[in-house]
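Trainee: First, the structure itself, so that you have it in front of you.
Numbering (the working numbering), first residue to last: 11 to 384.
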């Protein structure tokens, strides 16, 4: 099986012609639909390479047919890899060169429509790490995101067979206000479990401050003063707070996924994931979380699941999605009663456990059945 991962690298705007990249993206859209349009002021070399990808769905995993005409479709490109010992691998005339001797990435033809124009950027550590894991960056894509030029590096790796041990790693996914709960099961016993929650107080403070400043900016906008010096200063501060919020939640999700995947690899565990985003959304509404913060929590919950699945597939770790209940008794299947402190009690059989631990007990019921399937 071939697994793939990708990373985005922001390109220097002063060295990249945004309008030129936008035109290449429009040509890519047409190429997906089977049209060939030759533009005189765009180098023929890059256009030949564009039409060389006849079957996008098979040649690039991230190639998706655009749903609309002239949608922002990223441009697929091949790469040439030059290694430290001087050996080369890939397309000899590729517009993107990964030079591991100087730890730089050299981009030709796609940042500006000049044949000899080259943009050099530092080689990210991400590429070196994927190389150590026997991955290879055969393809890249260039395009615009929020009006800024980006390069997407796509690494692929052949995943070998993976035989799970007697361990099972259970991951119960909730919205960020209750965090992610993981439990490690060995030989039918829960040997360790832990809830993982970001710093909610800090996140709430940043969010509330951005909302307060947004209200002030809205007042200035209604008065027609949003273009004044004070209005621009306020808008820059709002954008800075929002970026800080996104970075904190995204960084937390990335680091947590990394730790959980490493834990699964260390124990050679089968991974069971309970992803109930809709239930988490209802809980957020019931707890009267502000709509903006509620949306933020759910977005990064989905991001966490996507990152988790991508990395599990990259390392060949087997995983399954299972419904693990938190309000139904895992012993007798009766409805649980929630006590103060998120403690769940069964009035029928007397089962009692923290709400976050109940899904782990449900996975424990299915332990032998799940392992026997591998």
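Don't be surprised by glycine CBs; every beta carbon is placed ideally from N, CA and C.
Between the stretch 314-326 and the stretch 337-347, are three or more C-beta pairs nearer than 8 Å?
Mentor: no
Trainee: Does the distance from the C-beta atom of residue 149 to that of residue 76 stay below 8 Å?
Mentor: no
Trainee: Cutting at 7 Å between CB atoms, please list the residues of its own chain near residue 235, excluding the five before and the five after it.
Mentor: 241
Trainee: Within 10 angstroms of the Cβ of residue 257, are there 16 or more other Cβ atoms? Answer buried if so, exposed if not.
Mentor: With fewer than 16 Cβ atoms within 10 Å of its Cβ, residue 257 is classed as exposed.
Trainee: Helix, strand or coil for residue 274? Go by DSSP, reduced to three states.
Mentor: helix
Trainee: DSSP has residue 161 in a bridge; who is on the other side?
Mentor: 19, 152
Trainee: Give me the Cα-Cα distance between residue 372 and residue 179, rounded to the nearest whole angstrom.
Mentor: 13 Å
Trainee: Could you check the C-alpha separation between residue 375 and residue 369 for me, to the nearest Å?
Mentor: 10 Å
Trainee: For the stretch 22-38 against the stretch 185-197, are there 3 or more C-beta pairs whose distance is under 8 Å?
Mentor: no
Trainee: Residue 83 by DSSP, collapsed to three states: which one?
Mentor: coil
Trainee: Under 6 Å Cβ to Cβ from residue 366, same chain only, skipping five residues before and after it: list those, please.
Mentor: 191, 205, listed in sequence order.
Trainee: Using a Cβ-Cβ cutoff of less than 6 Å, which residues in the same chain neighbour residue 118 once the five nearest sequence positions on both sides are dropped?
Mentor: Contacts found: 105, 128.
Trainee: What is the DSSP secondary structure of residue 206, counted as helix, strand or coil?
Mentor: The answer is strand: DSSP assigns residue 206 an E or B state.
Trainee: What's the C-alpha gap between residue 69 and residue 201?
Mentor: Residue confidence for residue 69 is low, a pLDDT of 44 falling below 50, so the modelled location carries little weight; the figure read from the coordinates is stated next. Their Cα atoms are separated by approximately 45 Å.
Trainee: Can you give the Cα-Cα distance for residue 88 and residue 101, rounded to whole angstroms?
Mentor: 7 Å
Trainee: Going by the beta-carbon positions, is the gap between residue 36 and residue 169 smaller than 8 Å?
Mentor: no
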